[in-house]
Amino acid sequence: MSMPPFLRDIEFAVDLSLVNAKGWCLDLLGHFLPDWTVVLASIVISGVAILALGPLVMMYLTLLERKVIGRIQNRYGPNRVGKWGLLQPIADGIKMFTKEDIVPAQADKIVHFLAPVVIVVPALMVFLVVPFGERMTAVNLNIGLLYFIAVSSITTIPIFMGSWASRNKYSLLGGMRTAAQMISYEIPMTLSVVPVIMMSQSLSTNTIVMTQVGDLDLHWFIFTPWGLVGFLIYFLCAVAECNRPPFDLPEAESELVAGFHTEYSGMKFALFYMAEYMNAFTLCGIATTLFLGGWQGPFFPSWLWFFGKTFALICVMIWFRGTLPRFRVDQLMGFAWKFLLPLTLINIPVAALWFFVPERLAWLYSIAIFAVSFWGLVKLNCAFVPEKRIYPLAD
Amino acid sequence: MIFGTGILKGLFVTLKNFVTSYFRKPDNGGIFTVQYPEERDKAIEAFRNFPFLAYDGTPDKVRCVACGICERECPPKCIHIVMEIDPLGKPARRPSVFEIDHGLCMNCGMCEDVCPFDSIYMDHAFEVTAADRGKELVRPKEALLKSNDYFLKIRPGTATLVDQKRRAAEEKKKLSRAATLPPQGPVS
Ligand code: SF4
Ligand code: SF4
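Quick note, the sequences are listed as chains A and B, same order. Per the numbering used here, the very first residue in the first sequence carries number 1; after that it's consecutive. Per the numbering used here, the very first residue in the second sequence carries number 1; after that it's consecutive.
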């Protein structure tokens with residue numbers, strides 16, 4: 001695909017407009033202030049951008065979710081506050097701030113207070129390594145992916161803190177489920193990422209995106225057999241990681257009131273909620289980075305591509321929520337350990353095969369391997385159903 | 001065998017719902033919601049809410065004779081009636097006080113069923129508000145009185161039947177009165 005040079009220039013300019021805006025601000029500051037403040041300002045600008053982006057994304061995700069779910073159920077969703085309900089999240093925020101903050105009498109006060117504070121920290125920290133666009137990664141860590149996996153798995157601890165400190169049986173059950181579920185799903189999630197690391201030979205999120213360049217910028221990992229399977233596994237695990245339906249056992253409202261955040265109200269509850277939505281966003285963002293080519297894509301500016309893909313994935317999560325009922329606990333664990341885990345283990349050698357065998361043949365082999373293993377796993381996972389007993393004298 | 005096809009089918013159903021909600025009519029997959037203050041559902045004739053007192057022509061011609069049947073039959077006892085006494089000290093066969101406590105009324109329609117004088121009927125007006133729960137929700141007679149024309153407008157079916165019945169009764173009364181009076185001409 002060849003583009004006329006001026007078009008390419010324009011695209012480049014739009015692409016980097018946000019980065020350039022930051023550079024321009026720093027230049028301006030450089031005229032008046034000493035050098036070290038400029039360095040500081042650079043950090044502060046990125047930091048503030050991320051700190052503002054997190055809550056903003058969360059607020060509008062709630063609106064998006066309510067709208068989409070509404071449409072799925074043939075309703076309008078919120079449409080009263082502002083045009084199309086666009087101010088609804090702000091109204092919700094104000095409401096949250098004015099709510100009473102209730103702490104159970106028997107609760108462990110300090111831990112109960114700390115849990116919602118702590119949970120937001122990893123949720124915001126993972127934003128650091130998400131490549132939002134070309135040259136728009138806040139910190140280009142060379143172990144970015146490892147950092148992401150490590151930090152995002154901390155989320156289990158504050159959730160368990162909150163559930164333990166509440167001194168409530170429902171909270172505790174929710175917390176137990178969270179621990180079990182998150183730890184189980186962490187494993188297939190991490191393993192599903194391995195082929196990506198193998199192929200791009202790097203843990204840096206930026207490099208991973210850069211290895212997915214190609215004609216039309218469409219050389220994404222998802223267009224390979226291992227990439228597709230890896231993506232599906234990763235995405236299912238991501239849904240489980242951020243406790244969204246159909247894996248929302250930790251807060252199963254029909255059995256556990258609200259699970260781990262039963263005893264939280266007002267802004268503390270909102271913080272839990274915020275962390276959940278920010279996690280959903282970053283997990284989808286990383287899925288985009290790893291399998292959907294990150295900010296790569298023809299014609300549009302890179303950050304638009306990134307946000308477009310991420311929001312598409314989030315819409316799929318919402319779609320799941322509008323469709324599927326909740327898993328049972330044993331099914332949930334079985335699904336992670338007996339289905340996803342073996343499939344990821346098969347996926348890794350298939351990726352290796354892709355590396356060594358010419359493309360056509362590799363497609364053929366991979367499809368064959370996946371078909372056989374999928375069929376086998378389904379067979380093995382089938383629950384034992386006893387034969388229907390017949391009572392000859394009963395009729 | 002569980003290959004996940006059921007899940008895909010389910011996902012397809014919701015996706016279809018989502019897409020069709022944008023352009024279909026409510027009766028085949030569109031949005032059902034009626035945006036209440038701006039839009040309203042068409043009123044159904046049998047819809048019932050808080051009773052009103054029907055009068056013929058002018059508000060002083062109330063049909064109610066203050067017999068008190070509805071007062072006794074009303075399950076939550078929210079009707080309060082006082083018979084008017086005329087200067088001679090006789091009951092005037094019309095209510096001087098007729099109140100219904102809207103805070104208590106449960107819109108059951110019992111009063112409509114028992115009234116032998118076609119006086120009390122269930123209304124369609126449901127937007128009843130008051131700034132104070134105690135006093136203001138007790139509606140006086142003036143607020144409850146509504147003309148027969150209004151009745152004909154909101155519930156044409158019932159109202160016409162009632163009107164026919166009343167006219168027939170009137171006629172019969174006239175005839176019987178005519179029969180008891182001495183004949184003043186050739187009787188047909
Ligand atoms: S509708 Fe029922 S509750 Fe209301 S006044 Fe009539 S009888 Fe009483
Ligand atoms: S409304 Fe009907 S039942 Fe009630 S007092 Fe009047 S005439 Fe009697």
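Note that the Cβ used here is the ideal one computed from N, Cα and C, for glycine as well.
request  = Only counting runs of 3 or more residues, tell me where the beta strand (DSSP E) segments fall wholly within the region 32–95 of chain B, in order along the chain.
outcome  = 49–55, 79–85
inquiry  = Below 7 Å, is the gap between the Cβ of Ala-143 of chain B and the nearest heavy atom of ligand 2?
reply    = no
query = At which residues does the alpha helix (DSSP H) containing Lys-268 of chain A begin and terminate?
reply = For Lys-268 of chain A, the uninterrupted alpha helix (DSSP H) run begins and ends at 266–291, by DSSP.
inquiry  = Does the CB of Leu-11 of chain B have a neighbour CB from chain A at under 8 Å?
reply    = It does: the Cβ of Leu-11 of chain B has a partner Cβ on chain A nearer than 8 Å.
query = If we count the other Cβ atoms within 10 Å of its Cβ and call it buried at 16 or more, is Arg-66 of chain A buried or exposed?
reply = buried
key: Three-state secondary structure (DSSP) of Ser-176 of chain B   = helix
query = How would you call Lys-172 of chain B, buried or exposed, if buried means at least 16 neighbouring beta carbons within 10 angstroms?
reply = exposed
message = So the candidates are A:Met-125, A:Asp-101, A:Met-189; which of them puts its Cα closest to the Cα of Leu-345 of chain A?
response = A:Met-189
request  = Determine, using beta carbons only, whether Gly-133 of chain A and Trp-303 of chain A come nearer to each other than 8 Å.
outcome  = Yes, the pair counts as a contact, with Cβ atoms nearer than the cut-off.
key: Member of B:Leu-145, B:Ala-54, B:Pro-87, B:His-102 whose CA lies at the smallest distance from the CA of Pro-76 of chain B   = B:His-102
request  = Mind checking the region 82–102 of chain A against chain B and listing, in chain order, the residues whose C-beta falls within less than 7 Å of any C-beta there?
outcome  = none
message = Distance cutoff 8 Å, beta carbons only. Does Gly-134 of chain B sit that close to anything in chain A?
response = no
query = With 16 other CB atoms within 10 Å as the buried threshold, where does Asn-347 of chain A fall?
reply = buried
request  = Taking Met-176 of chain A as the reference, give the member of A:Phe-113, A:Ala-252, A:Ile-187 with the closest Cα.
outcome  = A:Ala-252
query = Given that Ile-72 of chain A touches chain B, what residues does it touch there, using C-beta distances under 7 Å?
reply = Within chain B, the residues near Ile-72 of chain A are Thr-14, Asn-17, Phe-18.
message = For chain A, check one thing: does any of its Cβ atoms lie closer than 8 Å to the Cβ of Thr-160 of chain B?
response = no
ask   = What residues in the region 193–210 of chain A have a beta carbon less than 7 Å from any beta carbon of chain B?
value = none
ask   = So which of A:Thr-310, A:Pro-325, A:Pro-349, A:Leu-340 has the shortest CA-CA distance to Leu-380 of chain A?
value = A:Leu-340
query = What is the rounded straight-line gap between the Cα of Pro-342 of chain A and the Cα of Tyr-365 of chain A?
reply = 18 Å
task = Only counting runs of 4 or more residues, tell me where the alpha helix (DSSP H) segments fall wholly within the region 147–216 of chain A, in order along the chain.
result = 156–165, 169–200, 205–210
inquiry  = Buried or exposed, going by whether 16 or more other CB atoms sit within 10 Å of the CB of Tyr-55 of chain B?
reply    = buried
ask   = chain B beta carbons: is any one of them nearer than 8 Å to that of Met-1 of chain A?
value = Only weak support exists for where Met-1 of chain A lies, its pLDDT of 40 falling under 50; the coordinates are left without a value.
Beta bridge counterpart(s) of Met-122 of chain B as assigned by DSSP = Bridge partners of Met-122 of chain B: B:Pro-51.
message = Let's test the definition: count the other Cβ atoms within 10 Å of the Cβ of Cys-382 of chain A and tell me whether it reaches 16, buried, or not, exposed.
response = exposed
task = Examine chain B for any beta-carbon lying closer than 8 Å to the beta-carbon of Thr-323 of chain A, and answer yes or no.
result = yes
ask   = So, is Thr-129 of chain B buried or exposed, given that buried needs 16 or more other C-beta atoms within 10 angstroms?
value = exposed
inquiry  = Does chain B have any CB closer than 8 Å to the CB of Tyr-76 of chain A?
reply    = yes
inquiry  = Is any non-hydrogen atom of ligand 2 found closer than 7 Å to the C-beta of Ile-90 of chain A, if you look at the structure I gave you?
reply    = no
task = Measuring only between beta-carbons, confirm whether Trp-319 of chain A sits less than 8 Å from chain B.
result = Output row for Trp-319 of chain A: interface = yes.
key: Three-state secondary structure (DSSP) of Phe-247 of chain A   = coil
query = Expressed to the nearest angstrom, what Euclidean distance is found between the alpha-carbon atoms of Glu-45 of chain B and Met-83 of chain B?
reply = Near 32 Å, if we compare the C-alpha coordinates of Met-83 of chain B and Glu-45 of chain B.
key: Three-state secondary structure assigned by DSSP to Leu-51 of chain A   = helix
query = Is DSSP giving Ser-17 of chain A helix, strand or coil here?
reply = helix
key: Selected residue, minimal CA-CA separation from Pro-116 of chain A, among A:Lys-268, A:Gly-297, A:Val-48   = A:Lys-268
According to DSSP, residues forming a beta bridge with Arg-133 of chain B = Under DSSP, Arg-133 of chain B takes part in no beta bridge, so it has no partner.
ask   = Just checking my contact of Leu-324 of chain A with Pro-245 of chain A at CB under 8 Å: how many whole Å lie between their CB atoms?
value = 6 Å
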